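Report on one structure; see the data block that follows.
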Amino acid sequence: MRAMYRLDSIRKCYGSNVALDIEELTIGEGRIYTLMGANGAGKSTLLNILAFLSPPTSGEIFYAGKRVDWHHGSVEEHRRKVTLLHQSPYLFGGTVYDNVAFGLKARGIRGEAQQRRVDKALDGVGLQRFRDRKARELSGGEAQRVAMARALALEPEVLLLDEPLANIDRETTGLLETVIASLPARGTTVVLITHDPEQPDRLNGESILLEGGKVATPHPPVRR
Amino acid sequence: MDFLVSSVVSALRLIGAFSPDVVDAVGTSLAVSAGATVFAALFGIPLGLLVGLSDFPLKRLVVTFLNTLMAVPTVVVGLLVYGFLSRQGPLGALGLLFTPTAIVIGGVLLAAPIVANYSLASVRGADPRIVPTALTLGAGRFLAVGTLIGEIRFGILAAVIAGFGRVVSEVGVAMMLGGNIRGYTRTMTTAIALETSKGEFAFGMALGIVLMMVALLVNLFLNLLQRR
Chain V
181 MRAMYRLDSI RKCYGSNVAL DIEELTIGEG RIYTLMGANG AGKSTLLNIL AFLSPPTSGE
241 IFYAGKRVDW HHGSVEEHRR KVTLLHQSPY LFGGTVYDNV AFGLKARGIR GEAQQRRVDK
301 ALDGVGLQRF RDRKARELSG GEAQRVAMAR ALALEPEVLL LDEPLANIDR ETTGLLETVI
361 ASLPARGTTV VLITHDPEQP DRLNGESILL EGGKVATPHP PVRR
Chain W
5 MDFLVSSVVS ALRLIGAFSP DVVDAVGTSL AVSAGATVFA ALFGIPLGLL VGLSDFPLKR
65 LVVTFLNTLM AVPTVVVGLL VYGFLSRQGP LGALGLLFTP TAIVIGGVLL AAPIVANYSL
125 ASVRGADPRI VPTALTLGAG RFLAVGTLIG EIRFGILAAV IAGFGRVVSE VGVAMMLGGN
185 IRGYTRTMTT AIALETSKGE FAFGMALGIV LMMVALLVNL FLNLLQRR
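Rendered as structure tokens:
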């Protein structure tokens, strides 16, 4: 199994405050990793770096074996292979379909191929009948499921989830956990922030504990 | 009270009879205001978005300057443009003074800061998750900004309508740069000022009613769009 990410001496500073200081971290392909740690431990900072939204202050990242060059177009290219889903996702105005199709349109996927992928993604989260509903009229749990479908429709290499199951009911949590747990079988790597200590077991994932911006316990090596 | 009632009745008769003077003034007003608003939007929207979306030194100063421009009296704008367009001015050779074009130029200067400021306010008030969400879904910078504009489109539309409102309702620029020439540069507001001073209160009232109706229609249009 190859390494999806390799982080080498990564530091992220905001002024004099060091938010993240990781000597070395490897994230293997097709596995689930749960990021745990107290508030301010650097979890979201790490996720933003992994999503190529925010460059580290220093250090190097290798994605699928290639060094990431933050100052050239390659970042945009990497960003298209990775999707980040926030705890409180933003749904664009328009219908559920418009939202789920957004990333596909950005990739130039149109017509039948687009419809097929949108339908498949909505089916995966049990929202097929919500296809033409206005996105802004959905409940919190439904919006979360649409955001998940929007991410899944892209069939990303890596899915990054920032507390995706916080503030939603148990039934929706169960449904989304089932969806997340099925992703490695499709080759998708998942990195998920959680405060639920039992979630790594339920998702059959590996834990990475962050403390004060540092990896507190070495995560298990990538199994071959 | 009788005077007011009879004036309103006379005004409604003038409107109903499509009095040529009323139609001319309304047509000129709408044409120069629409023209000025289009150009003000072309300058103001990108300016507001640029200032709102970028960080640069002296940004606060630029925002303060834009805010100040909103409060510039119309006669000052009229005076400034008059200086440029008058025969002795640098653009005097173009012969634009006392033409509808001159009113449009003045209108652009009045409306552009309003459109820019309202657009800027829309960007600042936008949900901060819009651009990151678009980026993380694979949008490039250009599409992400386009998505932001789409999400705040009603704010931007309100900016354009506010700009139109400023131009259609002002007197100073239209009077100084248009010259209030009957059938050519006479707008609703300059006609109201002139006719009222001549004692033609009903005529002024008729144009006042039309002006109010225009404002009402524009706002109804905005409300209709927002509901869709």
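Chain order of the listed sequences is V and W. Following my numbering, the numbering of the first sequence begins with 181 at its first residue and continues without gaps. Following my numbering, the numbering of the second sequence begins with 5 at its first residue and continues without gaps. Glycine included, every Cβ here is placed at the ideal spot set by N, Cα and C. Just so we're clear, the structure is a prediction, and the values are computed from it rather than from any experiment.
query: Cβ-based neighbour list, ALA315 (chain V), same chain, cut-off 8 angstroms, excluding 5 preceding and 5 following; result: LEU271, PHE272, GLY273, GLY274, THR275, VAL276, ASP278, ASN279, ALA323 and VAL326
query: Simplified DSSP assignment, three categories, for LEU340 (chain V); result: strand
query: Any chain V beta carbon closer than 7 angstroms to PHE7 (chain W); result: no
query: Beta-carbon contacts of GLY222 (chain V) that lie in its chain and below 7 angstroms, excluding the five residues immediately before and after; result: ALA199, LEU200, LEU390 and GLY393
query: Of the listed residues W:ILE165, W:GLY212 and W:TYR188, nearest to LEU224 (chain W) (C-alpha basis); result: W:ILE165
query: Residue-chain proximity (GLY20 (chain W), chain V), Cβ-Cβ < 7 angstroms; result: no
query: C-beta atoms of GLY82 (chain W) and VAL149 (chain W) nearer than 7 angstroms; result: no
query: Exposed unless 16 or more other CB atoms sit within 10 angstroms - verdict on GLU378 (chain V); result: exposed
query: Where the alpha helix (DSSP H) containing GLU292 (chain V) begins and where it ends; result: 291-304
query: Under 7 angstroms from the C-beta of ILE134 (chain W): neighbouring residues of chain V; result: TYR270
query: Three-state class that DSSP yields for MET5 (chain W) in the structure shown; result: coil
query: Partners in chain B for GLU155 (chain W), counting only beta-carbon separations shorter than 7 angstroms; result: Among the protein chains of the structure shown, namely V and W, there is no chain B.
query: Residue(s) in a DSSP beta bridge with ALA183 (chain V); result: V:GLY208
query: LEU18 (chain W) and VAL26 (chain W) closer than 7 angstroms at C-beta; result: yes
query: Cut-off 8 angstroms between Cβ atoms - residues of its own chain near GLU174 (chain W), not counting five sequence neighbours on either side; result: THR78, GLY111, LEU114 and THR193
query: Residue environment, MET216 (chain W), which counts as buried when at least 16 other CB atoms sit within 10 Å; result: exposed
query: For THR191 (chain W), the three-state DSSP class (helix, strand or coil); result: coil
query: Meets three-Cβ-pair contact criterion under 8 angstroms: the region 197-213 of chain W and the region 121-132 of chain W; result: no
query: Residue span of the alpha helix (DSSP H) that contains VAL276 (chain V), given as start and end; result: 276-286
query: Neighbourhood of GLY283 (chain V) by C-beta distance below 6 angstroms, restricted to the same chain and skipping five residues each side; result: LEU334
query: Alpha carbon of VAL36 (chain W) to alpha carbon of LEU46 (chain W), nearest angstrom; result: 15 angstroms
query: CB of LEU124 (chain W) within 7 angstroms of CB of GLY52 (chain W), strictly; result: yes
query: Residue-level contact to chain W via CB, THR263 (chain V), 7 angstroms cutoff; result: yes
query: In chain order, each alpha helix (DSSP H) run of at least 4 residues that lies wholly inside the region 170-225 of chain W; result: 192-201
query: Where VAL198 (chain V) sits in the DSSP three-state scheme; result: strand
query: Residue-level contact to chain W via CB, GLU256 (chain V), 7 angstroms cutoff; result: yes
query: Proximal chain V residues relative to ASP59 (chain W), where beta-carbon distance stays under 7 angstroms; result: Neighbours of ASP59 (chain W) on chain V: none; closest Cβ ~15 angstroms, over 7 angstroms.
query: Chain W within 7 angstroms of ALA231 (chain V), Cβ atoms only; result: yes
query: Close beta carbons around VAL66 (chain W), own chain, < 7 angstroms, minus the five adjacent residues each side; result: VAL55
query: Nearest neighbour of GLU256 (chain V), chosen from W:VAL119, W:ALA116 and W:PHE146 [CA to CA]; result: W:PHE146
query: Collapsed DSSP secondary structure at GLU203 (chain V) in the structure displayed; result: strand
query: ALA301 (chain V): contacting residues in chain W (beta-carbon distance under 9 angstroms); result: In chain order: nothing, as chain W lies at least about 12 angstroms away.
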